[in-house]
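Student:
Protein chains: 2
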Amino acid sequence: MKVSQIGQFGLIDLISKLIENCRQPQEESWQNLRTGVGDDCAVWQGERTCYLSKVDSQVQGVHFTLDIISWRDLGWKALAVNLSDIAAMGGKPLYALVSLGLPFETEVENVISLYKGMLELAGQTGTAIIGGHISASSNLFIDVHVTGCISSHNGLVLARSDARPTDLIGVTGWLGSAAAGLNMLRQKMVLEPPAAEYLKMAFACPEPRLAEGKLLLEHGVRCAIDISDGLLADLAHICQASGVAAEIRAHYLPIRSEVKTAFADQAFEMALSGGEDYQLLFTASPSVMEAINKVCSYPVTVIGEIKAGSPGQVFVIEQSGKRTSPSLAGWDHFKKN
Amino acid sequence: MKVSQIGQFGLIDLISKLIENCRQPQEESWQNLRTGVGDDCAVWQGERTCYLSKVDSQVQGVHFTLDIISWRDLGWKALAVNLSDIAAMGGKPLYALVSLGLPFETEVENVISLYKGMLELAGQTGTAIIGGHISASSNLFIDVHVTGCISSHNGLVLARSDARPTDLIGVTGWLGSAAAGLNMLRQKMVLEPPAAEYLKMAFACPEPRLAEGKLLLEHGVRCAIDISDGLLADLAHICQASGVAAEIRAHYLPIRSEVKTAFADQAFEMALSGGEDYQLLFTASPSVMEAINKVCSYPVTVIGEIKAGSPGQVFVIEQSGKRTSPSLAGWDHFKKN
Numbered sequence: 003m004k005v006s007q008i009g010q011f012g013l014i015d016l017i018s019k020l021i022e023n024c025r026q027p028q029e030e031s032w033q034n035l036r037t038g039v040g041d042d043c044a045v046w047q048g049e050r051t052c053y054l055s056k057v058d059s060q061v062q063g064v065h066f067t068l069d070i071i072s073w074r075d076l077g078w079k080a081l082a083v084n085l086s087d088i089a090a091m092g093g094k095p096l097y098a099l100v101s102l103g104l105p106f107e108t109e110v111e112n113v114i115s116l117y118k119g120m121l122e123l124a125g126q127t128g129t130a131i132i133g134g135h136i137s138a139s140s141n142l143f144i145d146v147h148v149t150g151c152i153s154s155h156n157g158l159v160l161a162r163s164d165a166r167p168t169d170l171i172g173v174t175g176w177l178g179s180a181a182a183g184l185n186m187l188r189q190k191m192v193l194e195p196p197a198a199e200y201l202k203m204a205f206a207c208p209e210p211r212l213a214e215g216k217l218l219l220e221h222g223v224r225c226a227i228d229i230s231d232g233l234l235a236d237l238a239h240i241c242q243a244s245g246v247a248a249e250i251r252a253h254y255l256p257i258r259s260e261v262k263t264a265f266a267d268q269a270f271e272m273a274l275s276g277g278e279d280y281q282l283l284f285t286a287s288p289s290v291m292e293a294i295n296k297v298c299s300y301p302v303t304v305i306g307e308i309k310a311g312s313p314g315q316v317f318v319i320e321q322s323g324k325r326t327s328p329s330l331a332g333w334d335h336f337k338k339n
Numbered sequence: 003m004k005v006s007q008i009g010q011f012g013l014i015d016l017i018s019k020l021i022e023n024c025r026q027p028q029e030e031s032w033q034n035l036r037t038g039v040g041d042d043c044a045v046w047q048g049e050r051t052c053y054l055s056k057v058d059s060q061v062q063g064v065h066f067t068l069d070i071i072s073w074r075d076l077g078w079k080a081l082a083v084n085l086s087d088i089a090a091m092g093g094k095p096l097y098a099l100v101s102l103g104l105p106f107e108t109e110v111e112n113v114i115s116l117y118k119g120m121l122e123l124a125g126q127t128g129t130a131i132i133g134g135h136i137s138a139s140s141n142l143f144i145d146v147h148v149t150g151c152i153s154s155h156n157g158l159v160l161a162r163s164d165a166r167p168t169d170l171i172g173v174t175g176w177l178g179s180a181a182a183g184l185n186m187l188r189q190k191m192v193l194e195p196p197a198a199e200y201l202k203m204a205f206a207c208p209e210p211r212l213a214e215g216k217l218l219l220e221h222g223v224r225c226a227i228d229i230s231d232g233l234l235a236d237l238a239h240i241c242q243a244s245g246v247a248a249e250i251r252a253h254y255l256p257i258r259s260e261v262k263t264a265f266a267d268q269a270f271e272m273a274l275s276g277g278e279d280y281q282l283l284f285t286a287s288p289s290v291m292e293a294i295n296k297v298c299s300y301p302v303t304v305i306g307e308i309k310a311g312s313p314g315q316v317f318v319i320e321q322s323g324k325r326t327s328p329s330l331a332g333w334d335h336f337k338k339n
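Residue numbers (the numbering used here), protein chains in the order written: chain A, 3 to 339; chain B, 3 to 339.
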């Protein structure tokens with residue numbers, strides 16, 4: 003069977019089982035491992051501090067093409083997608099290592115721009131770039147590995163597996179902006195400068211929600227994920243890991259006017275399934291959600307509720323009251339775009 | 003300018019300076035960083051433990067082709083080359099994260115074999131595989147990131163920068179075996195089974211010298227590197243970082259009979275410049291070297307001496323007493339093979 007047939011998540015599932023079968027309880031490494039494969043980051047215990055480890059990659063032709071993203075923005079984004087996972091655990095980034103695969107004909111100046119983009123975000127977030135590797139490669143790729151830590155002394159993290167029925171579902175910022183930006187760039191759409199800039203930045207320079215992740219954790223939230231695959235897919239990940247179902251209200255989804263104006267017909271699908279928004283999706287009791295809304299200066303929107311039900315199932319309730327299962331209504335349709 | 007013109011080390015030099023200019027002394031991450039870019043691993047301080055971080059990659063068509071290495075061996079090697087860097091600091095591996103770039107048509111069974119190879123070595127060394135990432139990619143690549151630690155409470159490591167004039171130069175195991183293995187496989191040479199197996203394993207399944215690295219550190223060695231680029235290149239790295247020169251004695255180089263028999267004319271060049279042997283190259287005072295030779299059950303050979311001189315310069319003394327500069331005599335010539 004080919005990996006294209008089993009799919010990314012099927013393959014991850016197989017590999018997770020292989021690794022689990024090789025667990026060595028007598029080893030220090032396994033003893034101190036608190037969360038392995040399956041959450042936004044791995045979590046392991048130091049002497050007092052809890053550390054987070056994450057790797058993510060940007061591959062040319064898969065995650066980007068160089069006609070729609072600059073080398074500087076690519077550097078920013080390659081680090082940002084990893085810091086977003088640190089944010090989704092409630093952590094703080096410490097160190098990054100960068101592995102580059104570069105075609106022989108790559109301009110040195112472009113590699114410098116790539117690093118400048120990464121270093122700008124690293125500087126804003128206190129992340130030290132401490133090493134890396136450079137290899138020739140027919141296809142450009144950037145692999146970034148980040149180590150972070152959780153400052154709280156009780157070692158709690160934001161886990162995917164802690165959603166409980168009756169929890170409200172919250173999301174930071176806006177949904178669908180990155181997908182709209184990607185579409186605008188691919189289709190070479192000409193929009194008014196402020197809208198064009200907003201959408202471009204949403205796709206090319208996502209801001210990892212580190213302050214918000216820390217605030218969520220400090221105020222009693224226990225369950226979060228960052229939205230990389232899309233709202234529906236990432237909410238399904240939470241529901242699978244937590245053994246619950248979810249209902250979201252279509253008309254609650256926070257969608258920016260720039261997205262609605264430029265993509266009237268697709269805005270809702272982009273918000274549901276667009277992916278790469280790198281906002282935080284989380285669940286919390288109504289009282290915790292109320293507290294978050296009071297202390298968080300960045301927008302937070304309640305979009306639905308966790309339900310007891312078939313693990314991983316996500317329903318969308320339209321304003322008319324119609325209830326649909328988005329695995330049929332949303333995800334596949336958008337993939338055709 | 004293209005990266006092919008400036009070269010890997012020129013590019014690393016440029017990037018190191020960019021990073022150095024962005025150092026943030028007020029940040030916890032930078033404060034706890036003990037060694038950044040430029041040694042086998044980055045070193046950062048936890049509460050008491052010193053941690054090591056390293057990333058290395060295997061790229062199809064650059065580091066391997068699938069006609070000469072099995073998927074299982076590729077998995078082993080992708081982890082081994084990283085553990086070798088942990089060994090070269092005197093450390094112990096703890097955690098690994100694996101980032102895969104897979105063509106759509108990759109067989110799932112091959113990915114499982116790759117992981118089985120990695121997990122076999124992980125099991126032998128107490129390394130826990132705790133996460134990773136899978137992406138589509140036109141070209142197969144495997145990026146492994148390893149976190150290790152230094153057990154010694156004084157936080158000493160084996161650094162590249164601690165070679166001193168009058169130190170002896172030692173090397174574990176044998177030189178040139180991996181290059182001989184690669185050549186045998188590429189040329190489809192048919193050798194006697196034991197020789198063929200030895201050479202294949204030397205290329206495809208290097209054993210990271212973790213026990214030896216720990217022993218070197220415990221017995222007072224302060225300077226080491228693992229041989230990935232080749233004896234001459236890696237000795238030059240030590241000499242550059244330490245501001246010293248070196249002399250090696252050609253007839254002292256430990257070369258296995260299998261290499262000499264199969265590659266009579268090339269054996270010496272393979273030992274000097276072949277690379278990928280993943281043995282430890284280290285320097286130590288004569289008394290420390292004597293102690294190492296007594297306690298180390300794995301072969302260690304003294305091959306030369308550190309000298310005051312032009313930083314990074316390495317001389318080879320032939321048995322006749324003739325002194326050559328290998329940057330002219332060795333490295334480039336072998337690259338033509």
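Backbone N, C-alpha and C fix where the C-beta goes; we use that ideal spot for every residue, glycine too.
Taking THR342 of chain B as the query, report the chain A residues whose CB atoms sit under 9 Å from its CB, ordered along the chain.
Tutor: No answer is possible for residue 342 of chain B: the residues shown for chain B start at 3 and end at 339.
Student: Identify the residues that DSSP records as bridge partners of ILE131 of chain A: which are they?
Tutor: Numbered from 1 along the first sequence, position 129 holds the residue referred to as residue 131 of chain A. DSSP lists A:ALA98 as partners of ILE131 of chain A.
Student: Say whether chain B places a C-beta atom closer than 7 Å to the C-beta of ASN141 of chain A.
Tutor: Walking along the first sequence from the start, residue 141 of chain A turns up at place 139. Yes, ASN141 of chain A counts as interfacial toward chain B.
Student: Any C-beta of chain A sitting closer than 7 Å to the C-beta of LEU76 of chain B?
Tutor: As a working mapping, residue 76 of chain B is identified with position 74 in the second sequence. No, its Cβ sits nowhere closer than 7 Å to a Cβ of chain A.
Student: Is the CB of LEU160 of chain A under 7 Å away from at least one CB in chain B?
Tutor: Working through the first sequence from its first residue, we reach residue 160 of chain A at position 158. Chain B contact via Cβ: absent.
Student: Here's the rule I'm using: 16 or more other beta-carbon atoms within 10 Å means buried, otherwise exposed. How should LEU96 of chain A be labelled?
Tutor: Within the first sequence, residue 96 of chain A is the residue found at index 94, counting from 1. Buried, since its Cβ has 16 or more Cβ neighbours within 10 Å.
Student: With H, G and I counted as helix, E and B as strand and the rest as coil, what does DSSP make of ALA331 of chain A?
Tutor: The residue you call residue 331 of chain A lines up with position 329 of the first sequence. Because the pLDDT of ALA331 of chain A is 38, which lies under 50, any placement of that residue in the model is unreliable, and the number read from its coordinates should be weighed accordingly. Looking at ALA331 of chain A - three-state DSSP - the assignment turns out to be helix.
Student: Exposed or buried, what is PRO208 of chain B when buried is set at 16 or more other beta-carbons lying within 10 Å of its beta-carbon?
Tutor: For the purposes of this step, residue 208 of chain B is taken as residue 206 along the second sequence, with counting starting at 1. Buried: at least 16 other Cβ atoms inside 10 Å.
Student: Roughly how many angstroms separate the alpha carbons of SER230 of chain A and TYR117 of chain B, rounded to a whole number?
Tutor: Counting from 1 along the first sequence, the entry for residue 230 of chain A is found at position 228. Counting from 1 along the second sequence, the entry for residue 117 of chain B is found at position 115. Taking the straight line joining both Cα atoms gives about 25 Å.
Student: Looking only at its chain, what residues have a beta carbon closer than 8 Å to the beta carbon of GLU199 of chain B, apart from the 5 residues adjacent to it on each side?
Tutor: In the second sequence, counting from the first residue as 1, residue 199 of chain B sits at position 197. Within the same chain, GLU199 of chain B has no close Cβ partners at all.
Student: If you measure from the beta carbon of GLN47 of chain A to each beta carbon in chain B, is any gap under 7 Å?
Tutor: Numbered from 1 along the first sequence, position 45 holds the residue referred to as residue 47 of chain A. No, its Cβ sits nowhere closer than 7 Å to a Cβ of chain B.
Student: Note down, in chain order, each residue of its chain lying with its Cβ closer than 6 Å to the Cβ of ALA243 of chain A, except the 5 sequence neighbours on either side.
Tutor: Residue 243 of chain A sits at position 241 when you count from the first residue of the first sequence. Excluding sequence neighbours, ALA243 of chain A sits near ARG162 and SER163.
Student: Examine the Cβ distances between the segment 168 to 182 of chain B and the segment 248 to 257 of chain B and report whether three or more of them are shorter than 8 Å.
Tutor: The answer is yes - the segment 248 to 257 of chain B touches the segment 168 to 182 of chain B, with three or more Cβ pairs under 8 Å.
Student: Chain B beta carbons: is any one of them nearer than 7 Å to that of ILE227 of chain A?
Tutor: As a first step, residue 227 of chain A is located in the first sequence; it is residue number 225 there, counting from the start. ILE227 of chain A does not count as touching chain B.
Student: Got a sec: which bits of the segment 54 to 85 of chain A sit with their beta carbon under 9 Å from any beta carbon on chain B, in order along the chain?
Tutor: Residues SER55, LYS56, VAL57, ASP58, SER59, GLN60, VAL61, GLN62, GLY63, VAL64 and HIS65.
Student: Starting from TYR254 of chain A, follow the beta strand (DSSP E) in both directions and report where the run begins and ends.
Tutor: Locating residue 254 of chain A in the first sequence gives position 252, counting from the first residue. Careful: TYR254 of chain A lies outside any beta strand (DSSP E) and carries neither H nor E.
Student: Residue range of the alpha helix (DSSP H) that CYS241 of chain B falls in?
Tutor: Counted from its first residue, the second sequence places residue 241 of chain B at position 239. Looking at the DSSP string, the run of the alpha helix (DSSP H) that includes CYS241 of chain B is 233 to 244.
Student: With a cut-off of 7 Å, does the C-beta of ILE17 of chain A fall near any C-beta of chain B?
Tutor: Taking the first residue of the first sequence as position 1, residue 17 of chain A is located at position 15. Yes, contact with chain B.
Student: Let me make sure I understand the geometry here. Which of A:ASP58, A:ALA82, A:GLN60 and A:LEU35 has the alpha-carbon closest to that of CYS52 of chain A?
Tutor: Here residue 52 of chain A refers to the residue found at position 50 when the first sequence is read from its first residue. It is A:LEU35.
Student: List the residues of chain B whose Cβ lies closer than 7 Å to the Cβ of HIS239 of chain A, in chain order.
Tutor: Counted from its first residue, the first sequence places residue 239 of chain A at position 237. Simply none; closest approach about 15 Å.
Student: Where do the ends of the alpha helix (DSSP H) carrying PHE270 of chain B lie?
Tutor: Taking the second sequence and counting its residues from 1, the one referred to as residue 270 of chain B is at position 268. Element bounds for PHE270 of chain B: 269 to 275.
Student: Quick check on the burial criterion: 16 or more other C-beta atoms within 10 angstroms. Buried or exposed for GLY157 of chain A?
Tutor: As a position in the first sequence, residue 157 of chain A is number 155, starting the count at 1. GLY157 of chain A is exposed by the Cβ-count criterion.
Student: Here's the rule: buried if 16 or more other CB atoms are within 10 angstroms of the residue's CB, otherwise exposed. What is ASN185 of chain B?
Tutor: Residue mapping note: residue 185 of chain B aligns to position 183 of the second sequence, counting from 1. ASN185 of chain B comes out buried.
Student: For the candidate residues A:CYS225, A:VAL297 and A:TYR280, whose alpha-carbon lies nearest to that of ARG211 of chain A?
Tutor: On the first sequence, residue 211 of chain A is found 209 positions in, with the first residue counted as 1. The option with the nearest alpha carbon to ARG211 of chain A is A:TYR280.
Student: Can you tell me where the beta strand (DSSP E) holding GLY172 of chain A begins and where it ends?
Tutor: Residue mapping note: residue 172 of chain A aligns to position 170 of the first sequence, counting from 1. It spans 170 to 174 - the beta strand (DSSP E) in which GLY172 of chain A sits, taken as one unbroken run.
Student: Checking 7 Å against the spacing of the C-beta atoms, do SER55 of chain B and LEU170 of chain A come in under that value?
Tutor: For this step, residue 55 of chain B is matched to residue 53 along the second sequence. For this step, residue 170 of chain A is matched to residue 168 along the first sequence. Not in contact: SER55 of chain B and LEU170 of chain A (Cβ atoms no closer than 7 Å).
Student: Tell me whether HIS239 of chain A is buried or exposed, calling it buried when 16 or more other Cβ atoms sit within 10 Å of its Cβ.
Tutor: Counting from 1 along the first sequence, the entry for residue 239 of chain A is found at position 237. So HIS239 of chain A ends up on the buried side.
Student: What is the DSSP secondary structure of PHE265 of chain B, reduced to helix, strand or coil?
Tutor: As a working note, residue 265 of chain B is residue 263 in the second sequence. PHE265 of chain B: coil per DSSP, three-state reduction.
Student: Which of the three DSSP states is assigned to LYS190 of chain A in this structure?
Tutor: Reading the first sequence from its first residue, position 188 is the one you call residue 190 of chain A. Reduced to three states, the DSSP call for LYS190 of chain A is coil.
Student: With a threshold of 8 Å, are at least 3 pairs of Cβ atoms found where one atom belongs to the segment 261 to 273 of chain A and the other to the segment 299 to 314 of chain A?
Tutor: The segment 261 to 273 of chain A vs the segment 299 to 314 of chain A: no contact.
Student: Could you confirm whether any beta carbon from chain B is found closer than 7 Å to the beta carbon of MET91 of chain A?
Tutor: Working through the first sequence from its first residue, we reach residue 91 of chain A at position 89. No, MET91 of chain A does not count as interfacial toward chain B.
Student: List, in order along the chain, the chain A residues whose C-beta lies closer than 7 Å to that of SER101 of chain B?
Tutor: Numbered from its first residue, the second sequence carries residue 101 of chain B at position 99. Here the neighbours are VAL57, SER59 and ASP145.
Student: Please classify SER86 of chain A: does DSSP put it in a helix, a strand, or coil?
Tutor: If you number the first sequence from 1, residue 86 of chain A lands on position 84. Correct three-state label for SER86 of chain A: helix.
Student: With a threshold of 7 Å between beta-carbons, can PHE106 of chain B be considered close to chain A, or not?
Tutor: Looking up residue 106 of chain B in the second sequence gives position 104. It does; some Cβ of chain A falls within 7 Å.
Student: Nearest by alpha-carbon distance to GLN189 of chain B: which of B:ASP69, B:SER18 and B:GLU320 is it?
Tutor: On the second sequence, position 187 is the one that residue 189 of chain B refers to. Looking at the Cα atoms, B:ASP69 is the closest of the given residues.
Student: Got a sec: is the Cβ-Cβ distance from LEU121 of chain A to anything in chain B below 7 Å?
Tutor: Counted from its first residue, the first sequence places residue 121 of chain A at position 119. It does: the Cβ of LEU121 of chain A has a partner Cβ on chain B nearer than 7 Å.
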